[in-house]
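Residue numbers (my numbering), protein chains in the order written: chain A, 1 to 325; chain B, 1001 to 1293. Cβ coordinates follow ideal geometry from the N, Cα and C atoms, glycine included. All values reported here derive from a predicted model rather than from experimental measurement. Have a look at the structure below, then the notes.
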Amino acid sequence: MSTHTITTQKVNFKVFRFNADEDYLPYYNDIEMEVTSEEVVLDILNRIKWDHDGSFSYRRSCRHGICGACAIKVNGRSTLACKERINDMIELFGNELTIEPLSKKRAIKDMVIDKGDFWQKHEALEPYLVSEVEEHPESEHLVTPQQADALLDSDLCIQCGACHYACPVVEVNDEFFGPAAFAAAYRFSADVRDESETRVTTANAEKQGVWDCVKCFECAEVCPKEINPIEKITKLHQMYFTDGKAESNVATRHAVAFKNSIAKNGVLDEATMVLYAEGPAIVKHIPVALKMLTKGKIVPPWGITKSENLDEIKTLVKSSSTAKF
Amino acid sequence: MEKLKYALFTGCTAKQSTPEQMSSTMAVADKLGIELVELTEASCCGASHLQDYDEFLSLVLNARNIAYAEEKGLTMVTICNTCQLNTAMTKHKLDNDADLKAQVNEKLKEVGLEYKGTSQITHFLYAIIDDFGLDKIKEMVKTPLSQFNIAPFYGCHNIRPSELQNKTHKTAESAYRPTSLDDLIIACGGESVEYEEKTKCCGFHAELQAPHTAATLTGNAIAGAMDNNADWMVTPCPLCHLKLDTQTKHASEAIGREVALPVLHMQQMLGLALGCTPSELGLKHHVTKVDFV
């Protein structure tokens, strides 16, 4: 029979406090607590409210990692409070833990934030099946296990917002739809029953759409359901090409330029690629390019050392290409 | 200790816009007695952009690169975070999906190659830490960087996704409190600077399509280092270097304050401590002047 030992240790919590109705600026409460290895972060939130300050506010409901209400940040890391073991946080950050809402600038009261931007962006990408449903179908509309697998678990999203408020692009660009909305867009666009004509076009919108992703993998790192949103963003990128819906913009031309350059040189011809991607807009890069040139940081197309055995690369690009532009 | 030998996947940047990274890598390897066999046959890793366009082609091309390291019976060492991620992701996918591996090998067969999955892939930073050892580095330091506050900038693609990254090196690394680059700074005798942006994104991969977003992230990173009294920054990623070194004007405009710091490649920092010359380290190739050597 295995034995399980419950351990306890002291942790200093710094707890973000703010009441939009009364406070001009947020402040932090220092609370020292004895925590046990059995507790999750939500237990700590409960104890702050029950044992220290009844006015402390946070969202919670299911306590089983399915409602998505209790996501907060611990030492800047998005986390679902009911799922995250406090000992894992101590292991990661030590015994000084800062408890904050997912987005400090959206705080209404303590951990409670105005998540309106999250829901509006979700809604904009039609997070539902768009389909002409027959009122009296004569047969079932079957989805095969393989077709269901193609959703890549994107249907497991609980809309907790952990990834959305961990995304550095959302942080600096209010327009950007964000990883959760894109994961939802992928979930329904990859569904064989879906007939939406507008969703993927909207997800492509300038300044808001998938091409503005910086590929930092913050969303993949924090997702409590391990959905890997950036994988879905990549799938949406690919979908534009495979469905022939890729608009010619600087990002799509840049992606295609990789293939062209590899087919020609094996390696990248950086200068020619930027020219291909930007077109006449290349002029805006001239000041930086000149500085780089004087420092020996630009190799002209004729100075590039091509890959050896280039014929192999040319053969493989020819035989293994699956996308068209 | 047996002489360390690796297959070097330089990536494209070290051969073009960061020539100083190439020369400093070779100079440092020479000082440490590490043999680097350059994979001159290798193609571009796709840098996540080819992956957006044609994933299967990216897998085939990366598998070809790895196959050359396998032929040599060597661990592949990368010197770019994005090369590391895209090559390691390819290996992870092929090693865990026999059907996909067979499809890729069917293509490689046309050019007489096979991906077996026998070579490990690791970034030079981790090869130094895991295989060479920081204690030995400390013993070899000739010019300790003791007068400098150095801000480590980790670069996304070496630390996230941590589950995959931690399969590629022996020293466990946290995506939130990484230590490898801090440890290298300390081994070189420097003071490592703690700041919030050290694990954040520089914006490189969205520079063309989202210039304001990219420049803001770059600006925030440099500002974070400056506000914590950094004398200069150091990074294992040439793409982060390019963003932080060459884009200070756009970054300053984006965040509304003047920001600029010298940004060294980790090889250049190590080279300075080991006594390499400034010309071996290519310090003249920086746009933001390296004014302290």
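Throw me the rounded Cβ distance for the residue i and residue j pair, which I believe falls under 8 Å.
i: R338 (chain A); j: S131 (chain A); result: Since the first and last residues shown for chain A are 1 and 325, residue 338 (chain A) lies out of range.
i: T1013 (chain B); j: L1239 (chain B); result: 6 Å
i: L97 (chain A); j: F16 (chain A); result: Not really, about 12 Å apart at Cβ, beyond 8 Å.
i: K1200 (chain B); j: A1221 (chain B); result: 6 Å
i: T1075 (chain B); j: Q1084 (chain B); result: The Cβ separation is near 12 Å, so there is no contact.
i: I313 (chain A); j: S1043 (chain B); result: 5 Å
i: I1255 (chain B); j: T1216 (chain B); result: 6 Å
i: E1055 (chain B); j: L1008 (chain B); result: Wrong, their Cβ atoms sit about 26 Å apart, outside the cutoff.
i: T234 (chain A); j: Q1051 (chain B); result: 6 Å
i: A1251 (chain B); j: T1218 (chain B); result: 4 Å
i: G178 (chain A); j: V170 (chain A); result: 5 Å
Can you tell me where the alpha helix (DSSP H) with residue i in it begins and where it stops?
i: M1140 (chain B); result: 1134-1140
i: K264 (chain A); result: 250-265
i: I31 (chain A); result: Run containing I31 (chain A): none in the alpha helix (DSSP H); it sits in the beta strand (DSSP E), 27-36.
i: I90 (chain A); result: 86-93
i: K73 (chain A); result: Careful: K73 (chain A) lies outside any alpha helix (DSSP H), inside the beta strand (DSSP E) at 71-74.
i: P224 (chain A); result: Per DSSP, P224 (chain A) belongs to no alpha helix (DSSP H) and is neither H nor E.
i: P1238 (chain B); result: 1238-1246
i: R372 (chain A); result: This structure leaves residue 372 (chain A) out entirely; chain A is present only between 1 and 325.
i: I1129 (chain B); result: Unbroken run through I1129 (chain B): none, as it is neither H nor E.
Over the uninterrupted beta strand (DSSP E) stretch that includes residue i, give me the two end residues.
i: D1227 (chain B); result: Premise fails: D1227 (chain B) lies in the alpha helix (DSSP H), 1211-1227, not in any beta strand (DSSP E).
i: F13 (chain A); result: 8-17
i: I99 (chain A); result: 96-100
i: K109 (chain A); result: 107-109
i: A1007 (chain B); result: 1005-1009
i: L1264 (chain B); result: 1263-1265
i: V1037 (chain B); result: 1035-1038
i: W1232 (chain B); result: 1232-1235
i: I1121 (chain B); result: 1121-1123
i: V968 (chain B); result: In the structure as shown, chain B begins at 1001 and stops at 1293. Residue 968 (chain B) is therefore absent and cannot be evaluated.
i: P1152 (chain B); result: 1149-1152
Within this structure, are the beta carbons of residue i and residue j separated by less than 7 Å?
i: Q1209 (chain B); j: E270 (chain A); result: no
i: I99 (chain A); j: R106 (chain A); result: no
i: V1263 (chain B); j: P1278 (chain B); result: no
i: F217 (chain A); j: R1177 (chain B); result: no
i: H1241 (chain B); j: P1019 (chain B); result: no
i: L1270 (chain B); j: S321 (chain A); result: no
i: Q71 (chain A); j: A162 (chain A); result: For the sequence presented, residue 71 (chain A) should be read as Ala rather than Gln. Contact: yes.
i: L45 (chain A); j: Y27 (chain A); result: no
i: L1004 (chain B); j: D1183 (chain B); result: no
i: K215 (chain A); j: H1205 (chain B); result: yes
i: E126 (chain A); j: S61 (chain A); result: no
i: T1143 (chain B); j: G1275 (chain B); result: yes
i: M1233 (chain B); j: F1124 (chain B); result: no
i: V1287 (chain B); j: D1245 (chain B); result: yes
i: S1119 (chain B); j: A1187 (chain B); result: no
i: P224 (chain A); j: A183 (chain A); result: no
i: E91 (chain A); j: A1175 (chain B); result: no
i: A1067 (chain B); j: Y1115 (chain B); result: yes
Is there at least one Cβ from chain C nearer than 7 Å to residue i's Cβ?
i: F177 (chain A); result: In summary, chain C is missing from the structure at hand, where the protein chains are A and B.
Leaving out five residues before and five after residue i in sequence, what residues of the same chain have Cβ atoms less than 6 Å from its Cβ?
i: A257 (chain A); result: M273, Y276, A277
i: G209 (chain A); result: A203
i: Q1021 (chain B); result: A1014, P1238, H1265
i: S37 (chain A); result: I6, T7, N87
i: I108 (chain A); result: A20, D114
i: A180 (chain A); result: C163, H164
i: F1148 (chain B); result: G1190, D1231
i: G1046 (chain B); result: S1058, N1086
i: Q147 (chain A); result: V192
i: C157 (chain A); result: A183, I227
i: F18 (chain A); result: P26, A107
Within its chain, find whatever has a CB closer than 8 Å to the CB of residue i; leave out the 5 residues flanking it on each side and keep chain order.
i: S1023 (chain B); result: E1280, L1281, G1282
i: L310 (chain A); result: N265, G266
i: Y1195 (chain B); result: A1151, G1224, A1225, D1227, N1228, A1230
i: V1060 (chain B); result: V1104, K1107, L1108
i: V40 (chain A); result: A81, C82, K83, E84, R85, I86
i: D53 (chain A); result: N29
Below 7 Å CB to CB, which residues in the same chain sit around residue i once its five sequence neighbours on both sides are set aside?
i: A1088 (chain B); result: I1121, L1164, T1168
i: P300 (chain A); result: A271
i: K49 (chain A); result: F56
i: K121 (chain A); result: F177, G178, A181
Report whether the distance from the Cβ of residue i to the nearest heavy atom of the ligand GTP is below 6 Å.
i: E1035 (chain B); result: With respect to small molecules bound, the structure shown includes none, and the ligand GTP cannot be examined in it.
*Counting only runs that start and end within the region 126-158 of chain A, where is the alpha helix (DSSP H) found for 4 or more residues in a row?*
145-149
*Pick out the complete alpha helix (DSSP H) segments inside the region 259-312 of chain A, 4 residues or longer, and give them in chain order.*
270-278, 286-294
*Any alpha helix (DSSP H) of 4 or more consecutive residues that is wholly inside the region 150-209 of chain A*: 168-172, 179-189, 199-202
*Counting only runs of 4+ residues fully inside the region 1253-1288 of chain B, write out the alpha helix (DSSP H) ranges in chain order.*
1266-1274
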